[in-house]
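Numbering-wise, the first sequence is residues 1046 to 1565 according to this note's numbering.
To keep things clear, I will list the structure first and then write my remarks on it.
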Amino acid sequence: MCEFIILFLYFAAINSRINKHKYHTKLQFMAKELTSRSENYSQWYNDLVIKADLAEASAVRGCMVIKPYGYAIWEKIQGQLDRMFKETGHVNAYFPLFIPKSFFSKEAEHVEGFAKECAVVTHYRLRNDDQGKGLVVDENAKLEEELIIRPTSETIIWNTYKNWIQSYRDLPILINQWANVVRWEMRTRLFLRTTEFLWQEGHTAHATREEALEETLKMLQVYATFAEEYMALPVIKGVKTESEKFAGAIDTYTIETLMQDGKALQGGTSHFLGQNFARAFDVKFLNREGQLDLVWATSWGVTTRLIGALIMAHSDDNGLILPPKLAPIHVVIVPIHKNEEQLSQISAKAEVLKKELESKGLSVKYDGRDTHKPGWKFAEYELKGVPVRLAIGPRDLENNTVEVARRDTLEKMIVPADTVGTYIPELLANIQENIFRRASGFREKNTHRVNTWDEFREVAEVKGGFAYAHWDGTSETEAKIKEETKATIRCIPLDNEPEEGKCIYSGKPSKQRVLFAVAY
RNA sequence: CGGGGUGUAGCGCAGUUGGCUAGCGCGCCACGUUCGGGACGUGGAGGCCGGAAGUUCGAGUCUUCUCACCCCGACCA
């Protein structure tokens, strides 16, 4: 308690020192060449992915190259999620990219759901054509059984689990894998929907229904915590309707997020698979009572799509805004100098600050390149969403100060150089919080409780955002609503309060509101 | 997979009723002056005009086919 008070007073003292030197400037310039959100939101997104150097289209239709800066964000996401999976008792493993076609047909709903978008390997050899047509498929090298490139791994995994499980003592199995999957999509967009994408898929096996259900919800909560605390993205947890659930699941749980254009984006899913896959692959175990029983299953995943969510939730017309906890670079230091001598003095000072900040666990980049002017660098790092920028010029050398600029608000202030080591970590925490608060505020402003069909249509077709509305619980009504407005039921929220009402479409009685939105 | 659009230098574009050595801006390279919000000057490099076939004395330009990408629908994380 005593330490706490001392610490508090210490920070208060620093803050008052900073305030003396503080000035605010709201910057009005626009980043060159970046389409504004109001002009064309979807173009803004495309521009941003390219200009921030996150990814680009590849020579392969529908597939992207994730560039180093984009991949660095994915590595931050992976790193944190992997820690959280381990903390909840999971281990990593790896299963094959190829799945024998026959495995797929074993679970009826599952095939039904994925058959339309599978890439299939039919041959295993190429040869040089005798007629000079170049390299051709060797028809003599046809596979006995075609291989599917995994769109998801339930089938190969449950085929394997069958051999691992004999008794309740072999359970639970709590495995995750980091992998790539392929789903042959017609229309693709960088990060949001590509033919090949990276993801993580957890596959667990349990002795009881209760335990599997608990696992499903536990991992949903891991995703929700990750989204809110790391991505600074508020989520709504819920369960999918029959028509929106995973092919082969009993229930699909989801975290739903809202993007700046008013469209919803599913951030992660956790499936309660019941005994469906155990039945399909004949995975039985001897329970404590000495009876054979089918194993209970879950699976759960998030994909590189999260990077798309990160971009669309927070960024502005100047470029990316990354939450500090997922930013590859926390702080960039830019020198401002008139000559070589000044540059070397400033560099020396910058290196000291860099070391100090790095000792606090921050990732710091000093950009001492002489090939670009400071203004160019400012714009560049704003485009890339680096949360904090320090600028050091001759005036700062004289006054022993640095200029601190925060990316989320574009505010600039002068602070004493000696306080940087304590001030910056605080500022980063503050930015993380502010971004989350801003996204939450946006979501609140764009969440509507609607009671009539007209109100509903206005949200779906004009205003955008989430609509809480009564629904009669039938797939028919759900399909009609989608057909007429493009809005879908994102989920039935877990924290729903029961409420008597009438379905906005059919007028039939309803016991609760469900969450509707037009979605990505 | 249906409807619409675009392919000319790394990127964004111009290129006339078919005609001479295919241009412009940005970027790139060299040198110099600059550097507290995307600097400027001078010089330079860079093109099988998406690909194939055809019409023609002659094709970036006309015809056919093909491929890729973008936008709108159906499908999806």
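For every residue, glycine included, the Cβ atom is placed at its ideal position computed from N, Cα and C.
Keep in mind that this is a model prediction, so the values were computed, not measured.
DSSP beta-bridge partners of M1458: V1449
Let me know if Q1073 comes out buried or exposed under the rule of 16 or more other beta-carbons within 10 Å of its beta-carbon. At Q1073, the pLDDT of 31 sits below 50, so the modelled position is not reliable; the number obtained from the coordinates is stated separately. Classification for Q1073: exposed.
Residue environment, K1405, which counts as buried when at least 16 other CB atoms sit within 10 Å: exposed
Can you tell me which residues form a DSSP beta bridge with W1223? Q1245
Specify whether the segment 1374-1382 and the segment 1412-1432 touch according to this definition: at least 3 beta carbon pairs, one from each stretch, less than 8 Å apart. yes
Shortest alpha-carbon distance to T1095 belongs to which of Q1211, K1527, F1561, I1356? Looking at the sequence itself, residue 1095 is Ile, so the reference to Thr does not match. Cα-wise, what sits closest to I1095 is I1356.
Give a yes or no on whether the C-beta atoms belonging to Q1477 and A1186 are separated by under 9 Å. no
If you draw a straight line from the alpha carbon of I1352 to that of K1508, how long is it in whole angstroms? 25 Å
From which residue to which residue does the beta strand (DSSP E) around V1495 run? Note, V1495: premise wrong, no beta strand (DSSP E); not H, not E.
Alpha carbon to alpha carbon, how far is T1464 from A1058? Give it in angstroms, no decimals. Note that A1058 scores 32 on pLDDT, short of 50, meaning its location in the model is unreliable; the coordinates nonetheless yield the value given after this. The straight-line gap from Cα to Cα measures roughly 10 Å.
Could you check which residue in W1203, K1146, G1420, L1171 has the C-alpha nearest to that of E1190? K1146
Using the three-state DSSP reduction, which class does K1556 fall into: helix, strand or coil? coil
Three-pair Cβ contact test at 8 Å for the segment 1508-1518 versus the segment 1528-1547: yes
L1402 by DSSP, collapsed to three states: which one? helix
Look at the Cβ atom of I1378, then the Cβ atom of D1415, and state whether they are nearer than 9 Å. no
According to DSSP, is N1137 part of a helix, a strand, or is it coil? strand
Segment limits, beta strand (DSSP E) that includes F1143: 1143-1145
To the nearest angstrom, report how far apart R1494 and L1435 are at their CA atoms. 44 Å
For K1065, count the other beta carbons within 10 Å of its own beta carbon; 16 or more makes it buried, fewer makes it exposed. Which is it? Any answer about K1065 is weak, because its pLDDT of 29 lies below 50 and its placement is not dependable; what the coordinates show is given next. With fewer than 16 Cβ atoms within 10 Å of its Cβ, K1065 is classed as exposed.
Rounded Cβ spacing between T1154 and A1292 (contact assumed at less than 8 Å): Looking at the sequence itself, residue 1154 is Glu, so the reference to Thr does not match. Contact flag correct, Cβ pair sits at about 5 Å.
Could you check whether V1136 and I1220 sit closer than 9 Å to each other, using their CB atoms as the reference points? yes
Quick test of the definition: if touching needs 3 or more C-beta pairs under 8 Å, does the segment 1215-1231 touch the segment 1239-1252? yes
When the distance is taken between beta carbons, is T1205 closer than 9 Å to F1159? no
DSSP three-state assignment for S1344, whether helix, strand or coil: strand
Touch test, the segment 1302-1309 against the segment 1258-1270, Cβ-Cβ under 8 Å, three pairs minimum: no
What separation, rounded to the nearest whole angstrom, lies between the Cα atoms of A1344 and S1315? Sequence inspection shows Ser at residue 1344; the Ala mentioned does not correspond to that position. Cα-Cα distance, rounded: 6 Å.
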